[in-house]
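Residue 106 in numbering that gives the first Met the number 0 sits at position 107 of the sequence shown, with consecutive numbering throughout.
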Amino acid sequence: MSDKLLFILTNADPSDAAVLNAVFAQAAVAAAMEYDVEMVLTGRSGALAQRAFANEVSVGKGRSAYDLLRDAAEAGVKFKICTQTQERLTGEMIPEIAEVVGGAYIISEAMDDDTVTFTY
């Protein structure tokens, strides 16, 4: 059985509350279950790595996308961003991003036999 979960957010609408609530909840629960959980922000979903954007996206009950992301990080989810997405950011990047990774990293992790990959 795999011990690592890799969440790749690439095509998900970064302002869709229903999607964000589901993805961040799944990642946080997996981390709480003591799985090794990484979430890579890339493509259009990379906007969530910008503090101003993440704070502006409402996900309901007075909470922002950044609140969900922080909750997941506190549960143990490790956040990464791909190089091209990081280079496109125009605002301050959130401090929860632990590492900038390239395409080779994403592919090698996704193809690893010990990793289960979810894409959104």
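In this text, a Cβ means the ideal position worked out from N, Cα and C, and glycines have one as well. Quick caveat, the model's predicted, so the values are computed rather than measured.
- Boundaries for Thr9: no beta strand (DSSP E) harbours it, and the DSSP string shows neither H nor E there.
- Comparing alpha-carbon positions, the option among Phe78, Tyr104, Arg62 and Val99 lying closest to Ala17 turns out to be Arg62.
- With a cut-off of 8 Å on Cβ pairs, the stretch 35-42 is in contact with the stretch 97-117, counting three or more such pairs.
- Out of Val22, Lys79, Met32 and Ile93, the CA that lies nearest to the CA of Ala51 is found in Ile93.
- Proximity to Ser44 across Asn10, Gln83, Glu55 and Leu88 peaks at Asn10, based on C-alpha coordinates.
- As the crow flies, the alpha-carbon of Lys60 is around 11 Å from that of Asp66.
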